[in-house]
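**Student:**
Numbering (our numbering), first residue to last: 95 to 192.
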């Protein structure tokens, strides 16, 4: 299963659980099992798609809910060297598919 977080009380997942009113309440709010929430608590983060959902439902910022390793990579790819111009990958058009 992945690494266990050193201090569970400092994670965004823990904050989301507190805001929801407990593990069961959070699980119901986002339509997952309690076991899934406990797994996220143990890991210290939720999958990106669930982080977005938790942000929408409970208002906890998604960056606090996601794996820090993924965030480092995403942030590095999302900005150019000067850090001000967002990187947008080229979307293939119909000619590319022929």
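Ideal Cβ placement from N, Cα and C applies to all residues, glycine included. Being a predicted model, the structure only gives us computed values, none of them experimental.
Could you tell me which whole beta strand (DSSP E) segments of length 3 or greater appear in the segment 113 to 160?
**Tutor:** none
**Student:** Mind reading off the beta-carbon distance from residue 140 to residue 160? Whole number of angstroms is fine, and I expect it under 8 Å.
**Tutor:** 7 Å
**Student:** Give me, in chain order, the residues of the same chain whose beta-carbon lies closer than 8 Å to that of residue 130; leave out the 5 immediate sequence neighbours on both sides.
**Tutor:** Within its own chain, the residues whose Cβ lies closer than 8 Å to the Cβ of residue 130, once the five positions on either side in sequence are excluded, are 121, listed in chain order.
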